[in-house]
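Below is one structure, written out as structure tokens; the observations come after it.
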Amino acid sequence: YELAEKLVDIEDAFQQWRFKHMYTVQRIIGNKMGTGGSSGVSFLKKALDVSFFPELFALRTDL
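Quick note: the sequence shown uses the working numbering, first residue 74, plus one each step.
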């Protein structure tokens, strides 16, 4: 149980970083192409939907 909670904490912290990064990029370069050649903000917005541990969240739903 404790390991699962730590993994969820890691996911939460990374999601917060992803959001802050996306917002910062939007403020700095707007909707231009990303500096790494990606589609920029739209790519980062899609990344917000990616979960490292979807099984842990599915398990919570099932309980």
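Here a beta-carbon is modelled for each residue, glycine too, at the ideal position from N, C-alpha and C.
Just to confirm, are residue i and residue j a CB contact at a threshold of 9 angstroms?
i, j, result
"GLY110", "ASN104", "no"
Out of the options, point me to the one whose CA is closest to residue i's CA.
i, options, result
"PHE92", "SER124, PRO127, ALA77 and LEU117", "LEU117"
"LEU121", "VAL81, TYR74, HIS94 and LEU76", "HIS94"
Rounded to whole angstroms, what's the CA-CA distance from residue i to residue j? Just pull it up for me.
i, j, result
"GLU84", "PHE126", "8 angstroms"
"GLU78", "GLN89", "16 angstroms"
"GLY107", "LEU76", "35 angstroms"
"SER124", "PHE87", "10 angstroms"
Against chain D, with Cβ distances strictly below 9 angstroms, would residue i count as a contact?
i, result
"LEU132", "Looking for chain D here will not work: only one protein chain is present."
Task: the stretch 125 to 134 contacting the stretch 90 to 98, beta-carbon criterion three pairs below 8 angstroms - done: no
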